[in-house]
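Accompanying notes for the structure given below.
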Amino acid sequence: MNAVRLDFVGGYPVWALLLGSVLALGGVVWAYRRDCERLPKRQRLLLTILRAALILLLICCLADPVLNYSATKREDMPVAVVIDVSQSMSVRDTPGRSSRLDSALEPCLGTPGVFHRLGRRFFVRYFTFDAGLRELEDPRHIGELEPTGEMTLMADALRATADLCAGQSLAGVLLLSDGADQSTLDAAAEARALGAPIFVIAAGQVATSIAQNPDVAVADVAGDRFMTVGVQHELAVRIEQHGYEGRAVALELRLEGETLDAKKVALDGAAQEVMLEFGLDTPGKHVLEVVTEPFEDEEITQNNRREFTCIMTKGTARVLYIEGAPRWEYKFIKRVIERDPGFSFTGFVRSNPDLLIRQGESIGAGAIPFTQDEFHLFDLVILGDVPPDGLSTNQLRAIRDAVLEHGTGFLLIPGARSNDARGFGDTPLADILPVWPDPEAEPIAGEFHMRLTPDGVDHPLFAGIDLEGAPPLQ
Numbered sequence: 073m074n075a076v077r078l079d080f081v082g083g084y085p086v087w088a089l090l091l092g093s094v095l096a097l098g099g100v101v102w103a104y105r106r107d108c109e110r111l112p113k114r115q116r117l118l119l120t121i122l123r124a125a126l127i128l129l130l131i132c133c134l135a136d137p138v139l140n141y142s143a144t145k146r147e148d149m150p151v152a153v154v155i156d157v158s159q160s161m162s163v164r165d166t167p168g169r170s171s172r173l174d175s176a177l178e179p180c181l182g183t184p185g186v187f188h189r190l191g192r193r194f195f196v197r198y199f200t201f202d203a204g205l206r207e208l209e210d211p212r213h214i215g216e217l218e219p220t221g222e223m224t225l226m227a228d229a230l231r232a233t234a235d236l237c238a239g240q241s242l243a244g245v246l247l248l249s250d251g252a253d254q255s256t257l258d259a260a261a262e263a264r265a266l267g268a269p270i271f272v273i274a275a276g277q278v279a280t281s282i283a284q285n286p287d288v289a290v291a292d293v294a295g296d297r298f299m300t301v302g303v304q305h306e307l308a309v310r311i312e313q314h315g316y317e318g319r320a321v322a323l324e325l326r327l328e329g330e331t332l333d334a335k336k337v338a339l340d341g342a343a344q345e346v347m348l349e350f351g352l353d354t355p356g357k358h359v360l361e362v363v364t365e366p367f368e369d370e371e372i373t374q375n376n377r378r379e380f381t382c383i384m385t386k387g388t389a390r391v392l393y394i395e396g397a398p399r400w401e402y403k404f405i406k407r408v409i410e411r412d413p414g415f416s417f418t419g420f421v422r423s424n425p426d427l428l429i430r431q432g433e434s435i436g437a438g439a440i441p442f443t444q445d446e447f448h449l450f451d452l453v454i455l456g457d458v459p460p461d462g463l464s465t466n467q468l469r470a471i472r473d474a475v476l477e478h479g480t481g482f483l484l485i486p487g488a489r490s491n492d493a494r495g496f497g498d499t500p501l502a503d504i505l506p507v508w509p510d511p512e513a514e515p516i517a518g519e520f521h522m523r524l525t526p527d528g529v530d531h532p533l534f535a536g537i538d539l540e541g542a543p544p545l546q
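With my numbering applied, the sequence shown closes on residue 546, and no number is skipped along the way.
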């Protein structure tokens, strides 16, 4: 960014210089009109202009003008702008009754805005977050963002920002949020781990809202993300309020407009937890809605509802485990699954090159499933240390299609046999592998920690999971 500025450093006030200029010029004009009447008019005008120019030059010298030219180098280090788009940012508790998101973005948008000034000096990367972090492909549409996210995982977003900007030395992070963090992680620890300063544009008027706007809010909804059909389940609903102590509010749990459970809640404190019960008979993904009926004088109603997404599964999850040799992994995974009444286990383990043993639901002789229709009957397929040619191409293709078309889970636990050459990289399973095996890769020595990929960070299945707190692998 380049700038040119003219400054006067002579020490005289501007008003004194202007006053002196006016008096001096007036004196010159008056003197020539009085004493030089015998001179021709054109000559008298020329002398007046020359004398005035000389006086202005003298005053200019007294002002001591300095011309400043400044050039700011564009920094190569990026700045991360992280914007909260969760539902709480839709609350209209600002003085102008705009949403928290609009209020936070107001000083940032436009040509003289914060984003414009940052972009002239830094390389800026823009992200939005709720339950996950996403990078904006076109920052020109920031003003069109809608705060609709179900959760506010701010600490997780800071960690994901560090992961996505790994290898780049961040100049800083600009965080726009109302601070309603629901993460299980320590936001302060994640902020320190970034290694860059964090500047916050806080949204919402807490003190003004409490004093002037009585309010009831569904602050949080907690429960299992995966549930079983035909079974009663509970959701823990956290209600926060101010200004309505002693009154009762209607609380409902809805699915597509149908009420699943309803309670009258006596408001007796700033925050309280209420349990709602429900059961569903349809497998699949369902978006539940927890709603409180607004009071007549309640002006802020955007926080009276919160969504909760759950996945309903059949009563028993069927697991198929195919193992190429007796291994400790097979032994302990089989033991854990068979102890859980929510799972049924079918295993095939090769004890020698010519003998394949079936275990689990039925023991003894039995053939490995062959068609896609057979594989998709299982909720999870685990493939152990099986060489790539240990299953036919049709069987491998059937596993792939069951995963891609029917949502069957797939877990690969490879070993020396399955990692030979390119492993499954040249088979139909390559389409569902999270990584491509490299035959020239060297083994990792020592301990290491798992880390989510950018897609994994954004997936609701991993929302709130702290892999940093997990024990290291070896």
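Where is the CB? At the ideal position from N, CA and C, for every residue including glycine.
Keep in mind the model is a prediction, meaning the values are calculated, not measured.
Counting only residues of its own chain and dropping the five nearest sequence neighbours on each side, A334 has a CB closer than 8 Å to the CB of A322, L323, E324 and L325.
Judged by DSSP secondary structure, N424 falls outside any alpha helix (DSSP H) and instead within the beta strand (DSSP E) spanning F415 to N424. By the neighbour-count definition (other C-beta atoms within 10 Å, threshold 16), L247 is a buried residue. Here DSSP, grouped into helix, strand and coil, assigns K403 to helix. Boundaries of the alpha helix (DSSP H) harbouring Q444: Q444 to F447, taken from the DSSP string. The DSSP-derived three-state label of I155 is strand.
Excluding the 5 residues flanking it on each side, G414 has same chain C-beta neighbours closer than 8 Å at T300, G387, T388 and A389, in chain order.
The continuous beta strand (DSSP E) containing M347 extends over residues A343 to F350. For V475, the closest alpha carbon among the candidates A488, R430 and L392 is that of L392. Per DSSP, reduced to three states, the secondary structure at A176 is helical. T224 places its beta carbon 9 Å or farther from that of F199.
With a beta-carbon spacing of about 12 Å, L89 and I127 fall beyond the 8 Å limit used to define contacts. Proximity to T354 across M384, E345, V346 and Q344 peaks at M384, based on C-alpha coordinates. In this structure P544 touches E519 by the C-beta definition: roughly 4 Å separates them, less than 8 Å.
When beta bridges are read from the DSSP output, C382 appears opposite H358. For Q374, the three-state secondary structure derived from DSSP is helix. For M223, the secondary structure class from DSSP, reduced to helix, strand or coil, is coil.
Around the beta carbon of Q546, fewer than 16 other beta carbons sit within 10 angstroms, so the residue counts as exposed. Linking G329 to A397 through their CA atoms gives a straight-line distance of about 53 Å.
With respect to L139, L78 sits close: the two C-beta atoms are nearer than 9 Å. For V346 and E312, the gap between their C-alpha atoms comes out near 11 Å.
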